[in-house]
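Remarks on the structure that follows.
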Amino acid sequence: MPLPHWTSENVLPPGRHLADLSDIYERFVWDAPYRNEREILFSALSGYLGVVCRLIPSGRAWIGGELVVRSAEVPRDVDVVFIPDEWGALKRLDGPARSTFYGMFTLRGVIAEHPVMYLDQVQPVSGLVDGFLCHPGDEDAWEAAWSRGPVPGMVKGFPEVVW
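The number in our numbering is simply the position in the sequence shown, starting from 1, with 4 added.
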């Protein structure tokens with residue numbers, strides 16, 4: 005199902021819009037400025053989703069960030085929030101799979117050792133992706149965050165990938 009066309013404000017109409025990767029590519033890479041930069045972000049998103057989908061048997065991913073807005077600014081990142089269908093699947097991940105899965109999420113306020121340093125934020129895929137995990141009961145808060153437009157008071161839509 006193709007994504008709806010851009011609104012006059014250069015965002016998707018409000019709401020969650022079911023999409024697959026080809027829909028996301030068509031709307032946010034092909035039909036938007038800065039195609040080269042968007043190609044890089046799309047590649048990062050595609051690989052990122054591929055890894056998560058191998059680890060989580062089923063769920064949803066809401067896509068946000070600068071990629072999903074048609075702006076005069078060069079997009080710098082793409083945001084993804086994952087909503088697993090079954091939380092028990094996360095608990096059953098073995099050691100290496102669990103490390104891979106939890107290593108794919110954005111961390112804020114990180115202190116690293118050897119050498120000791122403080123990092124404001126650590127992001128997967130060289131900072132191209134901000135990845136988050138939606139805990140049960142937090143869906144409304146994430147939906148409100150993903151619906152905020154680029155200017156105060158604007159409401160925008162976002163794609164939802166289901167597997």
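All residues carry an ideal CB built from backbone N, CA and C; glycine is no exception.
Inspect the beta-carbon positions of residue 104 and residue 135 and report whether they are closer than 8 Å.
No, the pair does not count as a contact, with Cβ atoms beyond the cut-off.
Looking at C-alpha atoms only, which residue of 15, 24, 124 and 91 is the closest neighbour of residue 59?
91
Leaving out the 5 sequence neighbours to the left and right, which residues in its chain are closer than 7 Å to residue 68 when beta-carbon positions are compared?
83, 150 and 162
Who does residue 121 pair with in a DSSP beta bridge?
116
Expressed to the nearest angstrom, what Euclidean distance is found between the alpha-carbon atoms of residue 57 and residue 87?
11 Å
So residue 132 and residue 76 are in contact, right, with Cβ under 8 Å, and what is the actual spacing, rounded?
About 20 Å separates the beta carbons of residue 132 and residue 76, which is beyond the 8 Å limit, so they are not a contact pair.
Helix or strand or just coil, what does DSSP make of residue 60?
coil
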